[in-house]
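A quick write-up on the structure given underneath.
Protein chains in written order, with our numbering: chain A, 1 to 306; chain B, 1001 to 1362.
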């Protein structure tokens, strides 16, 4: 605008725009407040808290130690073990969860009488609480009253007290927990795979397996990618079932994933919020990096329909 | 190369009978068009040949083999879908190659065959593109190429031209016929467009409400429709169907009496024992506006189509009549009272008003 026109139409236009902007801000204000208090502030506060150390004696003030604490925490054997546990846990949970969800979705993606019952069952874990799932599976694996020992699967020490098997057991419970969401996402994706393309493949000589791998999976790739990204993030954040099933023995059982370590540094015997902050930031950076890597490399193989 | 035989084939979806007791033979190497309005079951017939739908009764044979229990991939048929159903994630080359790859044909031969097919359909320049980057006509050619690439014994085409614009449709129509004649592959072609059916088919099978009405060459179908459905479905404009009563005229000869006059009974039916009432089938080109015509009608509208004009008129009981005439002749104005006469008495057909069937010549 090179000159200001003082005629009425422009002025009316500008007050209308201002009014619309005000209404817009009014709409985002409530969520903005909530996010500020519960997400943005704690997130930013983490970066400050990471620079302070709390002495292991009660009622002592924190003191500023700068990056010294971060270096110390990130090179500790406790952190490295936790990192290994987290990566192993994610490597089991994510691919297994995707594959199992896809398998169920393909199985339920047909017009059969009563298929709705199966769809309801398959998606039901979405509405099951972590605590209840953990209690049920804990009972399943209980060496005395459990189902697994009754079936003859009886490791010594018992599964959830066994450093070799505990991580796998906890991961499988997590897969089960995530199955409902995975199934729903995959089912929605399958709806978008056109029937006639699959029929064309059938006539063109593709076996059921070839149709699955060469047609269904590529056409589903945007959904698979989406499920991979959110599945990875959610695996990184798993906590409830780990805490409930292995609790205080996590370090010994190698189920001490980062979230659990963070929790221990806040609620444990010797709380150190500074350490917890360093670990939180580490988890954040890991999640961010991994998501960026997925966006950069895995997405190249995704086919988006136009 | 194969024949296709349907014997008493039926298919229902729930309460709906899609195909009812179909018996039909497709001759080796011919292009048979399945023609009918939407929802008449013609696509279901095609899908049953492909094996995508299973018949509830009857048998389908491709060549010497009954295929009812044969998987689609073992039937040696290829299909072109209305939507083309290309693999959207694969390039044109990969799309064309897909059927060969699934049959475990080795790479050098695959590349050679794909190259030839691409060449013949002018797809060579497009081999590295994905379907989303192609125009409608190009996609259609890829779909066609994917069907011919492995030289199947039967082609099935389900309205392959209906997503193209009018000009391209005419061009592609001719290309498909040329291709089919060159390959001499038995082809079943589904369409609801009677012009497509007339121009492409060696023979046409007309289907209505799941029931086969008539199978004949386009010429025979046009000249001698079996019933009023076929008569009204084929031709543009379709055959005029005019109710009439059979009476004896002044000179003792049998006449057909309409709301707007009477005409002598057509010569072919002269010795026939006619019912009291009939439906008279008059092709619009075998009647003409003429001052001495025996039928009186009121002109409703005249449609100029370029070389010809359709004069649409109504008898005074409301029956509609279309007269096709040369555009150079003067056309009647709207509302003008005209007289119409039969030019070719030999082409007049009579139908039974109850069954709709054409009355046999004696």
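Just so it is clear, CB atoms sit at the ideal spot from N, CA and C, and this is done for glycine as well.
Residue 49 of chain A and residue 183 of chain A have their C-alpha atoms some 40 Å from each other. By the beta-carbon neighbour count (other beta carbons within 10 angstroms, threshold 16), residue 1166 of chain B is exposed. Nearest CB-CB separation between residue 1050 of chain B and chain A: below the 8 Å threshold. Looking at B/1016, B/1049, B/1112, B/1023, the one whose alpha-carbon comes closest to that of residue 1008 of chain B is B/1023. Residue 153 of chain A sits in coil when the DSSP states are folded into three classes, being neither helix nor strand.
Put simply, the CB of residue 144 of chain A is far from chain B, with every gap to its CB atoms at 8 Å or more.
Inter-residue distance for residue 166 of chain A and residue 157 of chain A is about 10 Å (C-alpha atoms, whole angstroms). Identification of chain A residues near residue 1089 of chain B by a Cβ-Cβ cut-off of 7 Å yields 218, 219, 303, ordered along the chain. DSSP, reduced to helix, strand and coil, places residue 1216 of chain B within a strand of the structure shown. Interface with chain A (8 Å Cβ-Cβ cutoff): residue 1102 of chain B is included.
Spatial neighbours of residue 265 of chain A in its own chain (CB-CB distance under 8 Å, excluding positions within 5 residues in sequence) are listed in chain order as 271, 272, 273, 275, 276, 279. DSSP places residue 1020 of chain B inside the beta strand (DSSP E), whose first and last residues are 1016-1026. For residue 219 of chain A, the closest C-alpha among the options A/237, A/207, A/230, A/198 is that of A/198. Within chain B, 1047, 1050, 1052, 1072, 1079, 1081, 1085 have C-beta atoms less than 9 Å from the C-beta of residue 199 of chain A, given in sequence order.
Look at residue 1048 of chain B here: in three-state DSSP terms it is helix. Take the alpha-carbon of residue 227 of chain A and the one of residue 185 of chain A: they are about 7 Å apart.
Check the Cα spacing between residue 1244 of chain B and each of B/1099, B/1350, B/1130, B/1212: the tightest is with B/1350.
Only 1098, 1099, 1102, 1103 from the segment 1092-1124 of chain B bring a Cβ to less than 8 Å from some Cβ of chain A.
Our two residues, residue 1011 of chain B and residue 1069 of chain B, have alpha carbons roughly 15 Å apart in a direct line. By the C-beta density criterion, residue 26 of chain A is exposed, having fewer than 16 other C-beta atoms within 10 angstroms. For residue 77 of chain A, the enclosing alpha helix (DSSP H) stretches over residues 77-108. The beta carbon of residue 222 of chain A is closer than 6 Å to those of 302, 304 in its chain, skipping five residues each way along the sequence. For the segment 1179-1246 of chain B, the full-length beta strand (DSSP E) segments reaching 3 residues or more read 1186-1191, 1203-1208, 1211-1216 along the chain.
The beta carbons of residue 174 of chain A and residue 238 of chain A sit closer together than 8 Å. Taking the CA atoms as reference points, residue 1055 of chain B sits about 34 Å from residue 1170 of chain B. For the pair residue 1235 of chain B and residue 1033 of chain B, the CB atoms are not nearer than the 8 Å cut-off.
In chain order, 1073, 1099, 1102, 1103 make up the part of chain B whose C-beta sits under 7 Å from the C-beta of residue 205 of chain A. One finds 1083, 1085 in chain B with Cβ atoms closer than 8 Å to the Cβ of residue 194 of chain A, taken in chain order. The alpha-carbon separation between residue 1074 of chain B and residue 1149 of chain B amounts to approximately 16 Å. Straight through space, the alpha carbons of residue 1127 of chain B and residue 1173 of chain B are spaced by roughly 23 Å. Residue 304 of chain A has no beta-bridge partner at all, per DSSP.
Under the Cβ criterion (8 Å, minimum of three pairs), the segment 1240-1254 of chain B counts as touching the segment 1262-1282 of chain B. Linking residue 212 of chain A to residue 106 of chain A through their CA atoms gives a straight-line distance of about 9 Å. By the neighbour-count criterion, in which 16 or more other beta carbons inside 10 Å mark a residue as buried, residue 1095 of chain B falls on the buried side.
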